[in-house]
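Student: The structure under discussion is supplied below as structure tokens; questions concerning it will follow.
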Amino acid sequence: MATATPTDSMHRVWSMSSLKSSLPSAVTCRLPSPSSRRPVLISSPSPRLPSFSGLSPVNPLISTGLPGWQSFEDGFKIIDGGGRVYAMRHGRRVPKLNRPPDQRKALLRGLTTQLLKHGRIKTTRARASAMRKFVDKMITLAKDGSLHKRRQALGFIYEKQIVHALFAEVPDRYGERNGGYTRIIRTLPRRGDNAPMAYIELV
Amino acid sequence: MSVNNRDPLVVGGVIGDVLERFTRSIDLRVTYGQREVTNGLDIRPSQILNKPRVEIGGEDLRNFYTLVMVDPDVPSPSNPHLREYLHWLVTDIPATTGTTFGNEIVSYESPRPTSGIHRIVLVLFRQLGRQTVYEPGWRQQFNTREFAALYNLGLPVAAVYFNCQRDNGCGGRRN
């Protein structure tokens, strides 16, 4: 293992470069680097490290200044959303819809706008089940009815007449119903690419 | 056989919006040109310009049936304040025959949805005998349940529905 002693270890300050140099070099991790975003190159493991030991701290004597290095979390005080990185998709429930995040958001915004406008639309099953959450969210905002919620809805839905119509009619239409404002009906696959289709409609 | 919760009429919301739960007892075959209508089929207005060919089952020619064709999603499924729109009303159809043998009270008007995807429902009722049915004053705000109660038609004996949206897509963003 590269025993590059952290230059500022004497000041008990922990830095990313010291951490990266201390880790076994066969690891590619998604740790956000504050400075530049160069990709971490995978080099061949040095002979002193016969097997891959994961992200566990190999050298417990790394001077991070934090006592009680017991487990994986103790050494990695990264301020993020608490995200762990696995190789598999276990437990990830956000549908990606084969699109980058900005385009995905725009797609869902457009679909909810169209559903609120037309009442029933026909789309693929994955998109229909992905947009349920956002349609329910918009109807919940309309149920609240305050100005702040109206502005939040205006920031999501593309056409403002739809927002105003929604805020006007939702209390009558969905006053008693708690959640579940949409219904999905599966239908025949699309001819061009055999994509499974579904109707999604406002209940 | 009775309708269960997986029945397309229940899933599509027809039972609930238009009809009550019923037991299907008569065959109903609706054909537009070459296409037979099955529940939830997607048909464009250009294919339903003319009245369909309707064939009903049953055995006894002395039983008469009434066919009602309504659209519960007018003017738009998101705002159906004109629910339902009556497209066709034929009475005194003898069993095992079709609508050509019946009495067309309200002439066929082909559905032309402007906004959204509309369901078009065809319902078959059994009449107690030959009865005069008066046509309603206007086509919209029709209520199938009230109509059946008014003429003592009881629960439906058969129903089928299909989806219809306008020919050239949703029409784009109209501000």
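Those protein sequences? They're chains A and B, same order as listed. With my numbering, the residue at position 114 of the first sequence is 561, and numbering never jumps. With my numbering, the residue at position 124 of the second sequence is 118, and numbering never jumps. Glycine included, C-beta positions come from ideal geometry on N, C-alpha and C. Predicted, not measured: the structure shown is a model, and the values here were computed from it.
May I ask which residues mark the beginning and end of the alpha helix (DSSP H) holding residue 585 of chain A?
Tutor: Looking at the DSSP string, the run of the alpha helix (DSSP H) that includes residue 585 of chain A is 572 to 591.
Student: For a cutoff of 7 Å on Cβ pairs, would you count residue 40 of chain B as touching chain A?
Tutor: So, not an interface residue.
Student: Rounded to the nearest angstrom, how far is the Cβ of residue 415 of chain A from that of residue 558 of chain A, given a contact under 8 Å?
Tutor: Nothing can be reported for residue 415 of chain A: it is not among the residues displayed for chain A, which extend from 448 to 650.
Student: Which chain C residues sit within Cβ distance under 7 Å of residue 5 of chain B?
Tutor: The structure shown contains no chain C; the protein chains it does contain are A and B.
Student: Exposed or buried, what is residue 133 of chain B when buried is set at 16 or more other beta-carbons lying within 10 Å of its beta-carbon?
Tutor: Result: buried.
Student: Who are the near neighbours of residue 63 of chain B in its chain, counting only those whose CB is closer than 6 Å to its CB and skipping five residues on each side?
Tutor: Taken in chain order, the residues that qualify are 81, 82, 116.
Student: Go ahead and pull the three-state DSSP assignment for residue 114 of chain B.
Tutor: Strand.
Student: Alpha carbon to alpha carbon, how far is residue 649 of chain A from residue 54 of chain B?
Tutor: Approximately 42 Å between the Cα atoms of the pair.
Student: Taking only the alpha-carbon atoms, compute the straight-line gap between residue 606 of chain A and residue 614 of chain A and give it to the nearest angstrom.
Tutor: Rounded to whole angstroms, residue 606 of chain A to residue 614 of chain A spans 13 Å at the Cα level.
Student: As a quick exercise: from B/111, B/129, B/101, pick the residue whose alpha carbon is nearest that of residue 156 of chain B.
Tutor: Considering only alpha carbons, the answer is B/111.
Student: On the three-state DSSP scale, how would you describe residue 95 of chain B?
Tutor: Residue state, collapsed to three classes: helix.
Student: Which residues bound the alpha helix (DSSP H) around residue 170 of chain B?
Tutor: With chain B represented from -5 up to 169, any question about residue 170 of chain B goes unanswered, as that position is not in the structure.
Student: Looking only at its chain, what residues have a beta carbon closer than 7 Å to the beta carbon of residue 658 of chain A, apart from the 5 residues adjacent to it on each side?
Tutor: The question about residue 658 of chain A has no answer, for chain A in this structure spans 448 to 650.
Student: Among the residues of its own chain, which have a CB less than 7 Å from the CB of residue 124 of chain B, if the five just before and after it don't count?
Tutor: Cβ within range, chain order: 58, 86.
Student: Got a sec? Which residues, its chain only, sit under 8 Å from residue 599 of chain A by beta carbon, not counting five neighbours each side?
Tutor: Closer than 8 Å at the Cβ level, and outside the excluded window around residue 599 of chain A, lie 588.
Student: So which residues on chain B does residue 621 of chain A lean against when the C-beta distance must stay under 8 Å?
Tutor: The contacting residues do not exist; residue 621 of chain A stays about 12 Å from chain B at best.
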